[in-house]
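Engineer:
Residue numbers (this note's numbering): 207 to 1103.
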């Protein structure tokens, strides 16, 4: 144990690879001091994810009297959570966490200039690394305390605590017990107004110590805590060090045993030039013949701080208990010389004026717990004793009233306001000119999202300034997912991409990869890839997808597509009717990346299914990402200059080879072509090449003239027409390999979705199914997907949801909307639906079973066994269909009409 006088901020050190997150607790705070003095130290150590927990009353006091630290807009990239207790939230702690190391200080000083620079404070500091784990139990207990604090957070503040362990997996594998270093035992204790700190600490102490020495600025005025120590431990001698000028003195204390009192100025070493002799340290030393116990931390020697036997503490405190198997005097080692005889006589002292206690108390009619600005949406978490009334007032950092919201205009009890002003600093509720709530600091979610310590997510967030509707910019996101192997999953044995080349940029940027450059993103190696997919999904989800418009896919063009059969309409072509800046080479490159990304998602999810590995939030996010990509590029096109040619051929097999070699696209209609003649579109860049080949290759001949050059538009999503389950159709394969596997996982309760996720899940598949075009004799497959999705999600229970209503309104009039409406009617009248007897004449009808869901009756057998087709069934290989083979339903069943 090293004992020295130093500033704890100097112990943090520097180096961008040291730490990435920190949690700081304090009774009071000075934001100006924090940003000017503490924050630079944290940044120098590489910390980006900064979380402050402050006593709610003291934060209210600060916000009532102080402004932001500068004239700049308030966009602090650190979070502040007020902690509201009946007593004071009083622990003083600074915990820094890195990939494989940690730093912890527990003591008596607040995050103010007084607490960090001027007062006489006491701290105990610890280091941890995965190679030196002797302090593991201290860090484990501290992390448990942080997780208790997390329960009091809201919104982005809660999310930021979650990031810590995601990027420091060692926090989840720490050992319990006491930490023993050089034969000295260290234990952490804390209270949360839910236990007696006194019982936790003193119940195990032997009785009759030879002395107890107490140092603290604030005592109970009647000395109740000192009396309790004397009564329970029966010391031979007790000596209390007080601050007669600045503290609260135990002037009402009376005792029969030898109890001495001295002033702090009389015991601090006169050679210590760094002391200003204002006592704020809290420490207790209990001395035995062969053991010394030293207690330090935030707890004053009061009943409020420690509680009593079988009586909970009023405050939340944090302390360290140090046990040494010798009679070493820790106070003396700190330069504190406590005399045998006290220097003060209590009865001659007076209580210092203007000092009541450390507790600032304010009572308001409304509790404002959290305020968070996300873009232009301000979310406020507040609690009214009665119905909400009055208005919400928004202030900037100059204390100017910049916006007021009348609560009578709210359409619901959710406090969500539209605020298009990024100067917002704090807010409070008012009844006319009377403030009826505490102030709340407004947390800026968009700014705090950037404090995530994951370098991959930081890179993703760097795309936010781009016009993401520009396909070339969207390509950056596709590249990001490929280079980071976002959809690789060793647990599912799905290897979807080769490792990317090492990044040539080796600039000084804090990165997760700097901690472990060779880390794979496979789940089994504990890299938080789920966080990556979640952030990508959230990033794409907030993009405003353009309103869909009807494509020019007339009955005539559909008929042509059907007539073309397997050899026609490989892709939709359009003569230019909208502007695009994407060239052919750029468009084809992006198209390949879209296909590769969707295939990667399919492999990730389908491999989980094939290997009986449960789907999880990561695969759900991957599915959502696939939907977002398809929807974004659904209407997007790229241009190509082409001309039209006709070729005469003699051998069909050779013709197909030629088509593949030169990427020839057949005309939508071949009505103007003669026998053994085919019309093609060909890119100008390939025209000279094919003409040269036609001169030397037998069996082909140019027929007629080459047309004039024209510009056509290609869809990024090539095939939007579904003929059968055998189609090589990107969207249909995505539905089969990704969507239906996730749907089955939900059905089996393998994967649980909350209400917003269910609504998103439903809306995305309905939009895709509605946008696709289906051959008449294959529409039943789409309908079965819709019906089973409705059934598994119990979508009828969400009809009151505004988001769902709005989205369904966009589908109104289409086949998808009509079928959803029929499903709802069917469920509402289910009990009255008459059973029908099984008959071969009902083959092709939809049947409902509580076991198998909605199915298409394929075959009816004489013994009442039937074959059912279902997209959520098993593949029946010997009969080449998906569903259920030879199942028994009974003589009668309920059919869906």
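Just so you know, even glycine gets a beta-carbon here, dropped at the ideal spot from N, CA and C. In this text the structure is predicted, and so the values were computed from the model without any measurement.
At 4 residues or longer, and completely inside the region 812-855: list those alpha helix (DSSP H) runs for me, N to C.
Structural biologist: Here the runs fully enclosed are 823-839.
Engineer: Which one or two residues does DSSP pair with residue 646 in a beta bridge?
Structural biologist: The residue given as residue 646 occupies position 440 in the chain shown. DSSP output for residue 646 lists 633 as bridge partner(s).
Engineer: Mapping DSSP to helix, strand and coil, what is residue 541?
Structural biologist: One-based indexing of the chain shown puts residue 541 at position 335. In the structure shown, residue 541 sits in coil (DSSP, three-state: anything other than H, G, I, E or B).
Engineer: Where does the unbroken alpha helix (DSSP H) through residue 967 begin, and where does it stop?
Structural biologist: Counted from its first residue, the chain shown places residue 967 at position 761. It spans 961-977 - the alpha helix (DSSP H) in which residue 967 sits, taken as one unbroken run.
Engineer: At the level of alpha carbons, what is the spacing between residue 452 and residue 471?
Structural biologist: Residue numbering aside, residue 452 sits at position 246 when the chain shown is read from its first letter. Residue numbering aside, residue 471 sits at position 265 when the chain shown is read from its first letter. One C-alpha to the other measures close to 11 Å.
Engineer: In the DSSP assignment, the alpha helix (DSSP H) including residue 987 goes from what residue to what residue?
Structural biologist: Numbered from 1 along the chain shown, position 781 holds the residue referred to as residue 987. 985-999 is the span of the alpha helix (DSSP H), which, as asked, contains residue 987.
Engineer: If you run the structure through DSSP and keep just helix, strand and coil, what is residue 356?
Structural biologist: Position 150 of the chain shown, counted from the first residue, corresponds to residue 356. Helix at residue 356.
Engineer: Could you tell me if residue 288 is buried or exposed, where buried requires 16 or more neighbouring beta carbons within 10 angstroms of its beta carbon?
Structural biologist: As a position in the chain shown, residue 288 is number 82, starting the count at 1. Flag for residue 288 reads buried.
Engineer: Since residue 507 contacts residue 526 with CB under 8 Å, what's their CB separation in whole angstroms?
Structural biologist: On the chain shown, position 301 is the one that residue 507 refers to. On the chain shown, position 320 is the one that residue 526 refers to. With 8 Å as the limit, residue 507 and residue 526 do not qualify as a contact, their Cβ atoms being about 16 Å apart.
Engineer: Apart from the five residues on each side of it in sequence, which residues of its chain come closer than 6 Å, Cβ to Cβ, to residue 316?
Structural biologist: Residue mapping note: residue 316 aligns to position 110 of the chain shown, counting from 1. Taken in chain order, the residues that qualify are 232, 233, 234.
Engineer: For the region 456-540, list the beta strand (DSSP E) runs that are entirely contained and at least 3 residues long, ordered along the chain.
Structural biologist: Those beta strand (DSSP E) runs which fall completely within the region 456-540 and span 3+ residues are 465-469, 489-493, 498-503, 522-530.
Engineer: Less than 9 Å between the beta carbons of residue 336 and residue 376, yes or no?
Structural biologist: The sequence position of residue 336 within the chain shown is 130, counting from 1. The sequence position of residue 376 within the chain shown is 170, counting from 1. Result yes, Cβ atoms of residue 336 and residue 376 sit closer than 9 Å.
Engineer: Hey, is residue 228's beta-carbon within less than 9 Å of any beta-carbon in chain B?
Structural biologist: The structure shown contains no chain B, having only a single protein chain.
Engineer: How about residue 906 and residue 852: do their beta carbons lie closer than 9 Å?
Structural biologist: On the chain shown, residue 906 is found 700 positions in, with the first residue counted as 1. On the chain shown, residue 852 is found 646 positions in, with the first residue counted as 1. Cβ distance not < 9 Å, so residue 906 and residue 852 don't count as in contact.
Engineer: May I have the straight-line CA-CA distance separating residue 522 from residue 964, to the nearest angstrom?
Structural biologist: One-based indexing of the chain shown puts residue 522 at position 316. One-based indexing of the chain shown puts residue 964 at position 758. For residue 522 and residue 964, the distance between alpha carbons rounds to 40 Å.
Engineer: Run through DSSP, which three-state label would residue 452 get?
Structural biologist: As a first step, residue 452 is located in the chain shown; it is residue number 246 there, counting from the start. In this structure, residue 452 counts as coil in the three-state DSSP scheme.
Engineer: Using DSSP with H/G/I as helix, E/B as strand and the rest coil, what is residue 436?
Structural biologist: Working through the chain shown from its first residue, we reach residue 436 at position 230. Residue state, collapsed to three classes: helix.
Engineer: Cβ of residue 797 versus every heavy atom of the ligand NAP: is any distance shorter than 8 Å?
Structural biologist: With respect to small molecules bound, the structure shown includes none, and the ligand NAP cannot be examined in it.
Engineer: What did DSSP end up calling residue 376 once you bin it into helix, strand or coil?
Structural biologist: As a position in the chain shown, residue 376 is number 170, starting the count at 1. Here residue 376 sits in helix by DSSP.
Engineer: Does the Cβ-Cβ distance between residue 1110 and residue 292 come in under 9 Å?
Structural biologist: The requested residue 1110 does not occur in the structure, where the chain is confined to residues 207 to 1103.
Engineer: In or out: residue 513 buried (at least 16 other Cβ within 10 Å) or exposed?
Structural biologist: Indexing the chain shown from 1 puts residue 513 at position 307. Residue 513 comes out buried.
Engineer: Under three-state DSSP, which class holds residue 300?
Structural biologist: Your numbering for residue 300 matches position 94 in the chain shown. DSSP places residue 300 in strand when its eight states are reduced to three.
Engineer: Give the range of the alpha helix (DSSP H) segment to which residue 1063 is assigned.
Structural biologist: To locate residue 1063, count along the chain shown from 1; it is residue 857. First-last for residue 1063: 1059-1066, but that is the beta strand (DSSP E), not the alpha helix (DSSP H).
Engineer: Do the region 910-922 and the region 955-971 make contact, defined as three or more Cβ pairs closer than 8 Å?
Structural biologist: Verdict: no, contact absent.
Engineer: I need the DSSP call for residue 1083, collapsed to helix, strand or coil.
Structural biologist: Start at 1 with the first residue of the chain shown, and residue 1083 comes out as number 877. Three-state result, residue 1083: coil.
Engineer: Report the rounded CA-to-CA distance for residue 325 versus residue 486, giving the unit in angstroms.
Structural biologist: Working through the chain shown from its first residue, we reach residue 325 at position 119. Working through the chain shown from its first residue, we reach residue 486 at position 280. Near 6 Å, if we compare the C-alpha coordinates of residue 486 and residue 325.
Engineer: Based on Cα-Cα distance, which residue from 1040, 1045, 1084, 991 lies nearest to residue 1026?
Structural biologist: Here residue 1026 refers to the residue found at position 820 when the chain shown is read from its first residue. The candidate whose alpha carbon is nearest that of residue 1026 is 991.
Engineer: What does DSSP give as the partner residue(s) for residue 288 in the beta ladder?
Structural biologist: What you label residue 288 is simply residue 82 of the chain shown in a count that begins at 1. Answer is 260.
Engineer: Can you tell me whether DSSP reads residue 1046 as helix, strand or coil?
Structural biologist: By one-based count along the chain shown, residue 1046 stands at place 840. Reduced to three states, the DSSP call for residue 1046 is helix.
Engineer: Return the first residue and the last residue of the beta strand (DSSP E) that residue 407 is part of.
Structural biologist: Position 201 of the chain shown holds residue 407. That residue, residue 407, is in no beta strand (DSSP E); its alpha helix (DSSP H) goes 403-408.
Engineer: Taking only three categories from DSSP, how would you classify residue 231?
Structural biologist: Locating residue 231 in the chain shown gives position 25, where the first residue counts as 1. Note: residue 231 maps to strand in three-state DSSP.
Engineer: Residue 1093 and residue 1074 look like a contact to me (Cβ under 8 Å); what is the Cβ gap, rounded to whole Å?
Structural biologist: Along the chain shown, read from residue 1 onward, the residue named residue 1093 stands at position 887. Along the chain shown, read from residue 1 onward, the residue named residue 1074 stands at position 868. Sure, about 6 Å apart at Cβ, within 8 Å.
Engineer: Residue 789 and residue 684: beta carbons closer than 9 Å?
Structural biologist: The sequence position of residue 789 within the chain shown is 583, counting from 1. The sequence position of residue 684 within the chain shown is 478, counting from 1. No, the pair does not count as a contact, with Cβ atoms beyond the cut-off.
Engineer: So does the region 496-507 actually touch the region 460-469, counting three or more Cβ pairs closer than 8 Å?
Structural biologist: The region 496-507 vs the region 460-469: no contact.
Engineer: Under the assumption that residue 308 contacts residue 330 (Cβ atoms under 8 Å), give the Cβ distance between them as a whole number of angstroms.
Structural biologist: Numbered from 1 along the chain shown, position 102 holds the residue referred to as residue 308. Numbered from 1 along the chain shown, position 124 holds the residue referred to as residue 330. Incorrect: roughly 14 Å between the Cβ atoms, too far for contact.
Engineer: Give the range of the beta strand (DSSP E) segment to which residue 605 is assigned.
Structural biologist: Walking along the chain shown from the start, residue 605 turns up at place 399. Taken as a continuous stretch (DSSP letters only), residue 605 belongs to no beta strand (DSSP E), as it is neither H nor E.
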